[in-house]
Amino acid sequence: MATTPVFNLIVSNSTIIVSQLRQGGFRRIDLHTQVASTAANVVTLLTKQLPHAVVLEARLPDSDAFDLCRRIREELGMTELPVVVVCEGSISRAAMAKVVASGCDEVLSAPLSRGQLYDVLADYLGLPRRSQLRVNVLAQVTARGTFVQLRGSVYDLTVSGARIRLEQPFVGESPLTICIESSAGQELLLNGTVVWHRPYASGGELAVRFLDVKPELAQQLEVLATWRLDQQDDVQVVTLQRSLTERASFAGLAEQLKDKVLFDLRHLTLINSMGVSHWVAFLREIPEEVEYSFAHCSVPFCTQASFIPDMVGAGRVRSFFAPYFCTACDREAERELKVGDVTVDPALVPPTQLCPSCGEEMVFEDIPERYLRFCVRPKPQF
Ligand SMILES: [Zn+2]
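Taken in order, the sequence shown gives residues 6 to 387; the numbers are from our numbering.
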């Protein structure tokens, strides 16, 4: 039987945070949570036992979460401990500077989407994420002591872990040796421990957390976890994986691009400011003669691009998801739109959409002049 590790968290006494702990993959792991109502409580708990991560609400009764984060880094010397802060509403630029200075790893602004906290922590804790996106690599799993070899496909690869769908039942035990074979023929050898195991009639699914990943291997994993390149007729399709964060790596991609490139951004749901700067730097590396465009842009991508025009570089947006809201039945819906669906003149007006539940007309849930700004750029050539 595989041993499953326990994940210890210290969290603020906030209904938003506590309700997130019941969502996403949290239900499938052995989670031990300590709730602290004040900054002083957090410090006391930290001095007793080092958790895997700390999740704070921005305003604690006796301190600001960013001041507390600075204390955690500077006074307690816990520089590696992941600290996530949940704010109410949006974050101003001045506040963002404070966030960066505090040394906090991630800031989420409420309301949070379902399972969002899990997805963020998964990156830091080496937990499998919920997306179904497959990395086109194969895994060979060898359980120590049993020398049994199993083949499977890797899903949701991150630098710290992966989900592996096995073709045969899993009979081994933790720790494991995993050989990940990329589509480019590269083989990465990793040691891992099983976080959970779900048997199926034929095969099973393993969530694996990697152990002692050496820097060179981490760089190769970062690349595999960031993008995938496929050729479709005369177009190169680059599919971005789920997250664009400080761990995103586009190493080796720009030089492979020629003629026509389409970026598929439908899976991109987690973006932070460090990820944005990696992405913008990558777009600048693309040779001038390459013509590129973006399809199925996710709402998080569009939201970032509405503030930072460099997110689309010299490219054109073909299609994108837009947020709508039904005031009649209180339901949110994302709709995929083509740039041509948007009225541009005399003002940017999104197309009317009806609610899938009650049939009433929904309202566009962002500022059209900001969210739809990329629609006024020239249309893509292909
Ligand atoms: Zn409705």
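In this text, a Cβ means the ideal position worked out from N, Cα and C, and glycines have one as well. The model shown is predicted, which means the values in this text are computed figures rather than measured ones.
- No Cβ-Cβ contact shorter than 8 Å links N196 with L171.
- The alpha-carbon of G29 is positioned some 17 Å away from that of V11.
- By the Cβ criterion, the segment 153 to 172 is in contact with the segment 215 to 233, since at least three pairs of Cβ atoms, one from each stretch, lie closer than 8 Å.
- Membership of R289 in the alpha helix (DSSP H) is indicated by the continuous run S278 to E290.
- The segment 241 to 248 makes contact with the segment 270 to 278, as at least three CB pairs between them are under 8 Å.
- For C74, the enclosing alpha helix (DSSP H) covers residues A70 to E79.
- Per DSSP, the unbroken beta strand (DSSP E) holding R233 starts and ends at W232 to Q237.
- If you check the C-beta of E339 against ligand 1, you find no heavy atom less than 7 Å away.
- Judged by DSSP in its simplified three-state form, T308 adopts helix.
- In terms of Cα proximity to V213, the closest of D235, T198, P220 and E221 is T198.
- Taking C-beta atoms as the reference points, I15 and P56 count as a pair closer than 8 Å.
- Judged by DSSP secondary structure, E374 falls within the alpha helix (DSSP H) whose first and last residues are P373 to Y376.
- With a cut-off of 7 Å, the C-beta of A333 is classified as near ligand 1, since at least one heavy atom of the ligand falls inside that distance.
- For I21, the uninterrupted alpha helix (DSSP H) run begins and ends at T20 to Q25, by DSSP.
- Judged by beta-carbon spacing, D269 lies within the 8 Å limit of V242, meaning their Cβ atoms are closer than that value.
- In the pairwise beta carbon analysis, the segment 36 to 51 is classified as touching the segment 67 to 74: at least three pairs are separated by under 8 Å.
- Taking 7 Å as the cut-off, one finds no heavy atom of ligand 1 near enough to the beta carbon of C380.
- Here the C-alpha atom of P116 lies approximately 14 Å from the C-alpha atom of L26.
- Counting of Cβ neighbours within 10 angstroms places T49 among the exposed residues, the total staying below 16.
- Distances taken from the Cβ of E365 to the heavy atoms of ligand 1 include one shorter than 7 Å.
- Residue pairing by DSSP places C331 opposite R336 in a beta bridge.
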